[in-house]
Each structure stands twice: as structure tokens, then as C-alpha cells.
Amino acid sequence: MKKDNRLLPNNDVPDVERDYFCDAYPEPVKPFQGFIEKFLNWARANSLWILGFGTGCGAIELRPLMTARFDMFRYGMAPRPTPRQSCVFVIGGYASIKTLKRIVRSYEQIQAPKFVLALGSCTINGGMYFDSYNTINRIDHYIPVDVYVTGCMPRPEALIAGLRKLQELIKQGKAEKANEYIKNFEWYKANQKKVIKDWNMPDYNW
Amino acid sequence: MNDILKRLSERFPVSNIVHQRENMVFVTLQKINSIPCISYLKEFEGFTHLVMLAAVDFIEDGIFQLTYILHNYKLHTDIGIRVKIEREHPVMESIHTLWAQARTYQQELKEMFGIDFPGSPGIDEPFLLEGWQNIPPMRKDFDTLKYSQETFFPRPGRKSYDPQKYMKQKLYPDKEPE
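Each protein sequence line maps, in turn, to chains V and U. Following my numbering, the numbering of the first sequence begins with 1 at its first residue and continues without gaps. Following my numbering, the numbering of the second sequence begins with 1001 at its first residue and continues without gaps.
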């Protein structure tokens, strides 16, 4: 794969902070060949680490999932405190503009391969907040989504079903949305900048 | 409660007294008398707790109505002070000197209604809406559905039903719709 020599403009970062951020353009990750990729996908599917970032009301469904009754650790899923260590981002329902800024920042900080699970009707078409001035309608215009879980709110069982579906997709090698994000980077960035008016962070948060 | 109201009306021109409950009264005051009245209630009548500060947009009359609700712990009574301010250039005196936590309410009112409280700490900082560029969203003349459709990429195919009609049709399909 050819190296991308473009640089990110980072126009909205203040001059004094510019040295702190990388301006390299993000690149898609090429999958390995044959059985190596299969083995890696099997390993990835069985160690899904979830970012402990509760966005919206769906975050309340993650607590029973972690504790004794539903116990997601039997599938190898564990909560992690930082985006650098996690690979699954659970968008729990509605996302306000203020949260969306943090969602974008956290999503970009997760290292590939990364997967997004969107909960509830709010992430699909706005749900009951479809006419709100401050919550977005479709999360898939801002970050790519692998699996949707419908409901308002979905029960932890539905969340487990969604995570199992995600495991299936990863094993089949179909969960490559992180690369799609890079390929359609300009489109996603334009959508994000359309709603996040006070953009004061770098264009890609390494 | 009646004693308090009597003492209050001797000192301030209160009007439009509404006895909401046995232990809750609303009074209306002019803008110029309201802050002295609130500090009098706090310092002399024992209304030491600020329950809330909220605004209502009466767009037909061209006013904002601010409501300060104060609570007296000894008597377990509430008093609500209603103040009408003009809608064109809404400015109100700050009460952060009486209750420090009032700054949060005032910051929110500045953001959601555009009511200015000069001198209140952090009044111009964004509270919930970061980088808002439109008119304040809680004003009645702000069309939130239109704004949402223009800004947030609505997914096509969304249908809305009137819940009453929909459930009637679902539960009693034989009956004629009225």
C-alpha cells in the first residue's frame, strides 16, 4: 500500500498547541493473508474490550452486563478505562453535540481494529429525540457502525445478542468499518464539523 | 404564612397573590423591587434555601417571567417570587451574592433564553450548548423541528402516529374512527 503523504490541516488548533498533535493522515490497515488473518480474527472476536464511556441513557445497561447476572466476561468481554486499551465502543442511545465531540475524539483514539455497537432507536433515527435541537439523529453519519441493537432501551440480553453478532462478523472478516472511516474520512469530517461548531481539536486524534 | 404575607406587603408592593397550596404562595413583584424583597425574605423571614430559578417565555405578551422559589426550613413553607421582564433586551440583577449556586441557574438561563445577569460568574461560558450560533433554543420562536431537520440528517421513512388514534385502531379495529 502506498504511503499517504498528505498532512492534516489542523486549522482549528491554537498555534501554541500545534506541536502537541500529530498531523499525519490516517491510513487504512491492510488485512493479513489467509489463515493468519483468520487466526487473528478469532483472537479479536474472543477478546472484545469495551470502552468504559457511558454515552446517553444506554450506559445503564452496561452495569448488569458486567456484574453477576449477565456476566459478559464469559465471552471474553471486559470493560477498559481508556480508549488506548479497548476495541469496542458502545454508543448508548442519544448523543448530544457536546457528547458527540467526545465520542469522535474517543473513537479516533481507539487503535484499529475497532468496532462500534450502537444501542437504541436514538442512534438509528433519533428516536424520541428526533426533533431536538441538541441531539443528532443518525450516528452513522459521524462514525461508522458495525452492529445496531434496536429497542428503547434494549435489555442486556439484546446487548449480548448484539455483541455475539459482532463476534460472528469479526470471525467472518466483515467488521472492517475502521478502514471505511479512513476511506471516507473527508465525508465523515465534514459531517462532524457541520454540527460541532466549536471545533478546537486536531482533525484526527491519534 | 399570612403573617409573612402581611409583613411583606407592608414593605413591598406585592400583587397577584396566589395560594397554590397550604404551604406555598406565589407573589408577583416589579423588577426593581424583586431583589430587595428576595434578600429581605432570606435575611429576616428565614427563607434561606433557593429551590430553583426558572423562566417562562410569554411571547404573546412580549415578556419573560422569572420565578424564584424559596424555602423556609423552620416553617416548611415555600414562596415563589414572580418577576416579569421585557423580552426585547432581557436583563436581570444577579442573585449570586445571596446564593452562590444561583450562578448555575443564571448561566443556564443566559444560554437557553438569552436572559443576561451582569456580574454573575461565568455567565458567558457555554453550559450545555458548545458553540451555539442560533437564537437561544428555549425561546418560543425557535423552531426546533425545522432546525433538527436542517442540521442532523434525518433518516427517511420515519412515520409518526397520533398515539390515541393508533391505539384505538389497534385495539378496536371494528369501530369506526371518529
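Don't be surprised by glycine CBs; every beta carbon is placed ideally from N, CA and C.
- Gln-1020 (chain U) sits in a strand when the DSSP states are folded into three classes.
- For Asp-131 (chain V), the chain U residues whose C-beta falls within less than 7 Å of its own C-beta are Thr-1144, Leu-1145, Ser-1148, listed in chain order.
- Against chain U, a Cβ distance below 7 Å from Ile-136 (chain V) picks out Phe-1152.
- For Asp-15 (chain V), the three-state secondary structure derived from DSSP is helix.
- Out of U:Leu-1098, U:Gln-1169, U:Tyr-1166, U:Ile-1079, the CA that lies nearest to the CA of Ser-1039 (chain U) is found in U:Leu-1098.
- Between His-141 (chain V) and Asn-179 (chain V), the gap from beta carbon to beta carbon reaches 8 Å or more.
- Annotation: Arg-74 (chain V) to Lys-1146 (chain U) spans about 46 Å, alpha carbon to alpha carbon.
- If you draw a straight line from the Cα of Lys-1074 (chain U) to the Cα of Ile-1004 (chain U), it comes to about 13 Å.
- Within the segment 1100-1134 of chain U, Pro-1126, Leu-1128, Leu-1129, Glu-1130, Gly-1131, Trp-1132, Gln-1133, Asn-1134 place their CB atoms closer than 9 Å to a CB of chain V, listed in sequence order.
- A Cβ of chain U is located within less than 8 Å of the beta carbon of Ile-97 (chain V).
- Straight through space, the alpha carbons of Ile-1017 (chain U) and Glu-1010 (chain U) are spaced by roughly 14 Å.
- Along the segment 182-197 of chain V, going in chain order, the ones with a CB nearer than 9 Å to a CB of chain U are Asn-191, Lys-194, Val-195, Ile-196, Lys-197.
- Chain order gives no chain V residues near Arg-1082 (chain U), where near means a beta carbon separation below 8 Å; the closest approach is about 27 Å.
- The residues Ile-97, Leu-100, Lys-101, in chain order, have a CB closer than 7 Å to that of Ile-196 (chain V) in the same chain once the five nearest residues on each side in sequence are set aside.
- At a cut-off of 8 Å between beta-carbon atoms, Ile-124 (chain V) makes contact with chain U.
- If you draw a straight line from the Cα of Ile-50 (chain V) to the Cα of Ser-1094 (chain U), it comes to about 45 Å.
- As the crow flies, the alpha-carbon of Tyr-1172 (chain U) is around 39 Å from that of Asp-1141 (chain U).
- Among the residues facing chain V, Arg-1139 (chain U) is not included, as its CB has no counterpart in that chain under 8 Å away.
- Within a 10 Å sphere around the beta-carbon of Asp-1143 (chain U) sit fewer than 16 other beta-carbons, which makes this residue exposed.
- Residue environment analysis places Thr-135 (chain V) among the buried positions, since at least 16 neighbouring C-beta atoms fall within 10 angstroms of its C-beta.
- Under DSSP, Leu-119 (chain V) shares a beta bridge with V:Gly-92, V:Val-149.
- Every alpha helix (DSSP H) stretch that sits fully inside the segment 1031-1092 of chain U and reaches 4 residues is listed by chain position as 1031-1044.
- Out of V:Met-128, V:Ala-43, V:Arg-63, the CA that lies nearest to the CA of Gly-52 (chain V) is found in V:Arg-63.
- Counting only runs of at least 3 residues, the segment 1080-1152 of chain U fully encloses no beta strand (DSSP E) element at all.
- Here Ser-1015 (chain U) is exposed: its Cβ has fewer than 16 other Cβ atoms, across all protein chains shown, within 10 Å.
- Within the DSSP bridge table, the entry for Arg-138 (chain V) names no partner.
- Residue burial is scored here from C-beta neighbours: Leu-7 (chain V) has fewer than 16 other C-beta atoms within 10 angstroms and is therefore classed as exposed.
- Under a criterion of Cβ atoms nearer than 8 Å, the residues of chain V adjacent to Arg-1155 (chain U) are, in order, Ile-124, Asn-125, Gly-126, Asn-137, Arg-138.
- Bounds of the beta strand (DSSP E) holding Leu-51 (chain V) are 49-51.
- The beta-bridge partner set that DSSP reports for Val-1025 (chain U) consists of U:His-1019, U:Ile-1079.
- It is roughly 10 Å from the alpha-carbon of Pro-1121 (chain U) to the alpha-carbon of Gln-1101 (chain U).
- Leu-169 (chain V) sits away from Ala-161 (chain V), with the two beta carbons spaced by 8 Å or more.
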